[in-house]
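Residue numbers (the numbering used here): 726 to 916.
Structure first, then comments.
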């Protein structure tokens, strides 16, 4: 029996044993672990796989982002921010991570920090419709309606076909109309 045949038989025996006991051996390649994590809907399993990938490669950028996203989705936004900070250590110029930090800060009701995150993106990419929209949402949560409206207006100048932003703008106008003012807004002369 050749060495290759012996190895193949051993791997097959391991696989059969794993199937018989109901366990499956996880890959040792961090990229394969992320692929496996993407195939499950269970966030605990995802997090376990991300942790294993990061044990194998602590500088695996995508694993830090995915782990942060999963943590944020499960209400662990502070832990998500720590993951995003790790990812930013690897790629400090990544605008996507700054947007994800804005989401996490929103979930923590830290709207000023959320706005700061989106402003970092907008300094570099002033026509980023997504960041303008998200900044508008954070401003609304602070009752800064005039500034929020300016964000929505600017986003619609860039992409006039965005139905979601147009609907949000209309709901904000309705809210302003009902209140009769842009309470606490530094731009109270907007209406």
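Beta carbons: idealized from backbone N, C-alpha and C, even for Gly.
Note that the structure is a prediction, hence the values are computed from the model and not measured.
Residue i - DSSP class collapsed to helix/strand/coil
| i | result |
| --- | --- |
| residue 844 | helix |
| residue 780 | helix |
| residue 755 | helix |
| residue 760 | helix |
| residue 785 | coil |
| residue 914 | Note that residue 914 scores 48 on pLDDT, short of 50, meaning its location in the model is unreliable and no value can be drawn from it. |
| residue 869 | coil |
| residue 797 | helix |
| residue 850 | coil |
| residue 861 | helix |
| residue 887 | coil |
Assigned exposure category for residue i - 16 Cβ within 10 Å defines buried
| i | result |
| --- | --- |
| residue 792 | buried |
| residue 869 | buried |
| residue 763 | exposed |
| residue 899 | exposed |
| residue 818 | exposed |
| residue 903 | exposed |
| residue 810 | exposed |
| residue 755 | buried |
Expected contact under 8 Å - CB spacing of residue i and residue j to nearest Å
| i | j | result |
| --- | --- | --- |
| residue 883 | residue 860 | Not a contact, Cβ separation roughly 13 Å. |
| residue 795 | residue 785 | Actually they are not in contact, since the Cβ atoms of residue 795 and residue 785 sit about 14 Å apart, beyond 8 Å. |
| residue 867 | residue 836 | 5 Å |
| residue 857 | residue 879 | 5 Å |
Task: Segments assigned alpha helix (DSSP H), at least 4 residues, entirely inside the segment 813-842 - done: 820-832
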